[in-house]
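S.K.: Take this structure first; my questions come after.
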Amino acid sequence: MEASAKTPEEPEEAKLSKTQQLKKVFKEYGAVGVSFHICISLVSLGMFYLLVSSGIDMAAVLCKLGFSEAMVRSRMAAGTSTFVLAYAIHKLFAPARISITLVSVPLIVRYFRKTGLFKPPTAAP
Numbered sequence: 001m002e003a004s005a006k007t008p009e010e011p012e013e014a015k016l017s018k019t020q021q022l023k024k025v026f027k028e029y030g031a032v033g034v035s036f037h038i039c040i041s042l043v044s045l046g047m048f049y050l051l052v053s054s055g056i057d058m059a060a061v062l063c064k065l066g067f068s069e070a071m072v073r074s075r076m077a078a079g080t081s082t083f084v085l086a087y088a089i090h091k092l093f094a095p096a097r098i099s100i101t102l103v104s105v106p107l108i109v110r111y112f113r114k115t116g117l118f119k120p121p122t123a124a125p
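See below:
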C-alpha cells in the first residue's frame, strides 16, 4: 500500500528544478543539508582557485568537458583576477554541486539515524 502512495510523488519530483529540489532537501534535512552544501561549495571554490592560480588553462579544460566556448569566454574575461576567474568556474559547476548534495544528504542522514546519532523522523500530524 505504501508503494502506491509514493507513486504519485515520483512524477512530481521529476518536474521540480534542481533549485527547487535543493530547497526541498534543505527543508527536509535542515542543518545537515545546508552544512553539507556549504562545505561542498567551499571545497569546490578552493579547488578551482588552486587550479587557476597554478597556471592551468581552465578555458581549454572546460571546453574539453563540453562547455560551449562562447559561455566559457564570456565568463573568463581577459585580465580578471585569479579569485574572480575561480569563482566563475565554480559557478559553472553549480549543477554538479547541487546534484552531489541531493544524492548525498539523504544517505548521510539515513546513516546517522541508523547509528543513533540522529533521532528518527517524526510522523506528520
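If you read the sequence shown in UniProt numbering, its first letter stands for residue 1, the second for the next number, and so on.
A virtual CB, placed ideally from N, CA and C, is assigned to each residue, including glycine.
(1) If you run the structure through DSSP and keep just helix, strand and coil, what is G66?
(2) In chain order, what residues of the same chain lie with their CB nearer than 7 Å to the CB of H90, ignoring the 5 residues before and after it?
(3) I'd like to know whether the C-beta atoms of P120 and R113 end up nearer to each other than 8 Å.
(4) Return the first residue and the last residue of the alpha helix (DSSP H) that P121 is part of.
(5) Sort H37, S54 and S81 by Cα distance to I100 and report the nearest one.
(6) L42 lies in the alpha helix (DSSP H); which residues open and close that run?
M.R.: Reading it off the structure:
(1) Start at 1 with the first residue of the sequence shown, and residue 66 comes out as number 66. Three-state DSSP puts G66 in coil, outside helix and strand.
(2) To locate residue 90, count along the sequence shown from 1; it is residue 90. For H90, the CB contacts under 7 Å within the same chain, skipping 5 residues up- and downstream, are S44, L45 and F48 in chain order.
(3) Here the question's residue 120 lines up with position 120 in the sequence shown. Here the question's residue 113 lines up with position 113 in the sequence shown. Against a cut-off of 8 Å, the Cβ pair of R113 and P120 comes out as a contact.
(4) As a position in the sequence shown, residue 121 is number 121, starting the count at 1. Premise fails: P121 is in no alpha helix (DSSP H) and is neither H nor E.
(5) Within the sequence shown, the letter at position 100 stands for residue 100. Considering only alpha carbons, the answer is H37.
(6) Within the sequence shown, numbered from 1, the residue matching residue 42 stands at position 42. Run containing L42: A31 to S53, per the alpha helix (DSSP H) assignment.
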